[in-house]
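To keep things clear, I will list the structure first and then write my remarks on it.
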Amino acid sequence: MTPKRILVIGGGPAGLVSLRNLTDRGQFERVELVERRDDVGGVWYLDDPKEGDTKPRWPSPAYPGLVGNVLPEFLSFSHFPFPEPPSTPHQPFPTLVETYHYLRAFADPYLKSGHIRLNTEITSVDELPDGGGWNVSFNDWNAGGKARQETWDAVVVAIGWHDNLVWPTTEGLDELKARNLAIHAKRWRGAKGYEGKRALVIGNANSSNDIAAQLAPVAQVPVYRSIRRPSFPRFPNLPDERIKDVAPVIKYALDQDDKVTATLKDGTIISDIDIVFVGTGYKPYPEFVHLLNDTKELQSLMTPPPTPHRIPSLYRYILNAHNPTLAFTCSALSYTPFTIGDLQSTWLALAWRGEIAYPQTVEERLVFERERLEAIAQWVATLDNPSTLFVYGVLGPYEEEYAIKLKEDVVKARPELKNVLPEWSEARTKHREAMYAVRFKSLEWTRDHNKVEH
Numbered sequence: 446m447t448p449k450r451i452l453v454i455g456g457g458p459a460g461l462v463s464l465r466n467l468t469d470r471g472q473f474e475r476v477e478l479v480e481r482r483d484d485v486g487g488v489w490y491l492d493d494p495k496e497g498d499t500k501p502r503w504p505s506p507a508y509p510g511l512v513g514n515v516l517p518e519f520l521s522f523s524h525f526p527f528p529e530p531p532s533t534p535h536q537p538f539p540t541l542v543e544t545y546h547y548l549r550a551f552a553d554p555y556l557k558s559g560h561i562r563l564n565t566e567i568t569s570v571d572e573l574p575d576g577g578g579w580n581v582s583f584n585d586w587n588a589g590g591k592a593r594q595e596t597w598d599a600v601v602v603a604i605g606w607h608d609n610l611v612w613p614t615t616e617g618l619d620e621l622k623a624r625n626l627a628i629h630a631k632r633w634r635g636a637k638g639y640e641g642k643r644a645l646v647i648g649n650a651n652s653s654n655d656i657a658a659q660l661a662p663v664a665q666v667p668v669y670r671s672i673r674r675p676s677f678p679r680f681p682n683l684p685d686e687r688i689k690d691v692a693p694v695i696k697y698a699l700d701q702d703d704k705v706t707a708t709l710k711d712g713t714i715i716s717d718i719d720i721v722f723v724g725t726g727y728k729p730y731p732e733f734v735h736l737l738n739d740t741k742e743l744q745s746l747m748t749p750p751p752t753p754h755r756i757p758s759l760y761r762y763i764l765n766a767h768n769p770t771l772a773f774t775c776s777a778l779s780y781t782p783f784t785i786g787d788l789q790s791t792w793l794a795l796a797w798r799g800e801i802a803y804p805q806t807v808e809e810r811l812v813f814e815r816e817r818l819e820a821i822a823q824w825v826a827t828l829d830n831p832s833t834l835f836v837y838g839v840l841g842p843y844e845e846e847y848a849i850k851l852k853e854d855v856v857k858a859r860p861e862l863k864n865v866l867p868e869w870s871e872a873r874t875k876h877r878e879a880m881y882a883v884r885f886k887s888l889e890w891t892r893d894h895n896k897v898e899h
């Protein structure tokens, strides 16, 4: 059945491009987007809370001064190119503010037309019996948080990651968290206040590397960075003699004066630590979505917790196998989420219009997930000390193959979109991989440029 009324949840990049593609390429009767915050942009919107504001806040994990690690061509939605940053060619990567302005400009027509509702906090999405659609409950913060309900034929969930922090299970860490001595990277807002502090940073992906680099000029030297392996080339960072890489932490202990002692895997002990920053990422957990189980009772999509962790039962990482009127965009991490979200939501619009065929039984739709899980397990079994990024919820090296197949479906249905959507190919992948060397050069230029200014 082709849905007529579709609700998109989430006003970040995935939700915004889904709204555009379902509206323009799907031409359904009604498509709306709801966002719980007071503006669009998702993680790229760093809000400035007003004094006395009593509405709930959902802070972005971004921080002032953030610069992305993806070039504009990989951030451009189809028919809406990303402007070249003014710092090009020396620093061609868009900043937090520049990316927010791009997304805000993209969303502007839909804000003006009323197709985007802000300050709308979804509390549950419940499957209705007999193909009756979805009952969506929400708090309307435009009306003081009043509880409301609506019914929609289909729902696109374009959120789910950054509310759910991933913490290591290291002994003693819970006590540090309780005393605010271990802080997740989501709460990082800059090095102010940590002058002269003895700091330990956990991880060496982008957030941890940025935190260590920003602490190095002001904190006690060295800033310790606990890592399991050298940084991947996709997480470029400058060498800094003020930052010391050390082994993984296996235990924390708290002294009477609230100083932290960390015991490392290699036996090293680091004492008198003032603060621990943990950059171990996020996980998707859309527990507010409820489907009818075999006894016709509503049950959270995440109950029981899926093992390995993932948004379960998705065909092509998009359609729910049990009820294909529930969809997700950007449910898996990718190197280029803006363009992947553009492609996925175009595929979805055409699939819901009946222009792209997909398996018609639950069992057939579940084959995709089973085969992906098996392939990842076989791959990881061949690796020594595999990264936590080598999981079902991260496209990784599968991104090219995945995108090529989705685009083939789209172009077969709509040949005119062949040159509208980005190309995915071996050559484009090599071009994207070369981007990380450009990022390293831009970091060097920024460092040297700042030295000259000071």
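Each residue of the sequence shown is one higher than the one before, starting from 446 at the first, in the numbering used here. For every residue, glycine included, the Cβ atom is placed at its ideal position computed from N, Cα and C.
Integer Cβ distance of residue i from residue j, believed to fall under 8 Å
i, j, result
"Y545", "Y490", "6 Å"
"I695", "T615", "7 Å"
"Y737", "L743", "Before going further, note that residue 737 is Leu rather than Tyr in the sequence given. With 8 Å as the limit, L737 and L743 qualify as a contact, their Cβ atoms being about 6 Å apart."
"Y727", "W606", "5 Å"
"L683", "R892", "6 Å"
CA-to-CA distance, residue j to residue i, given in whole angstroms
i, j, result
"L645", "Y669", "5 Å"
"P528", "W612", "36 Å"
"D700", "D619", "15 Å"
"R481", "S569", "13 Å"
"I451", "G578", "10 Å"
"L793", "P769", "10 Å"
"Y762", "R817", "10 Å"
"N564", "G456", "11 Å"
"P662", "K622", "25 Å"
"V678", "Y881", "The amino acid occupying residue 678 in the given sequence is Pro; Val does not appear at that position. Using only the alpha carbons, I get a separation of about 7 Å."
"I714", "I720", "15 Å"
"A592", "W890", "51 Å"
"T833", "I628", "20 Å"
Same chain, Cβ closer than 6 Å to residue i, five either side skipped, listed in chain order
i, result
"A459", "A603, T774, C775 and G786"
"S463", "V453, V601, A603, T774 and S790"
"I672", "N649 and D690"
"R562", "V479"
"T706", "A698 and S716"
"S521", "F527"
"R755", "Y837 and G838"
"E732", "S745 and M747"
"A692", "L709, K710 and D711"
"P757", "P751"
Buried/exposed call for residue i, threshold 16 Cβ in 10 Å
i, result
"F722", "buried"
"K557", "exposed"
"S870", "exposed"
"P526", "exposed"
"N466", "buried"
"W597", "buried"
Neighbour flag for residue i against chain C, beta carbons, 8 Å
i, result
"R817", "You won't find chain C in this structure, because it holds only one protein chain."
Backbone secondary structure at residue i - three-state DSSP
i, result
"I647", "strand"
"L709", "strand"
"H767", "coil"
"R450", "strand"
"W792", "helix"
"A664", "coil"
"L467", "helix"
"K863", "coil"
"S546", "With the sequence shown as reference, residue 546 is identified as His, and Ser is not the correct amino acid for it. Note: H546 maps to helix in three-state DSSP."
Contacting residues, own chain, Cβ-Cβ under 7 Å from residue i (five flanking each side not counted)
i, result
"V807", "A766 and H767"
"A848", "I785, L788 and W869"
"W797", "T447, P448, G471 and A599"
"P667", "R687, I688 and K689"
"L548", "P458, L461, V485, G486 and W489"
Cutoff 8 Å; reference residue i; Cβ partners in own chain excluding five residues on either side
i, result
"P537", "L516, P517, E529, P530, V883 and S887"
"P804", "Y760, R810 and V812"
"Q594", "N580, V581, S582 and F583"
"S676", "N649, A650, N654 and N682"
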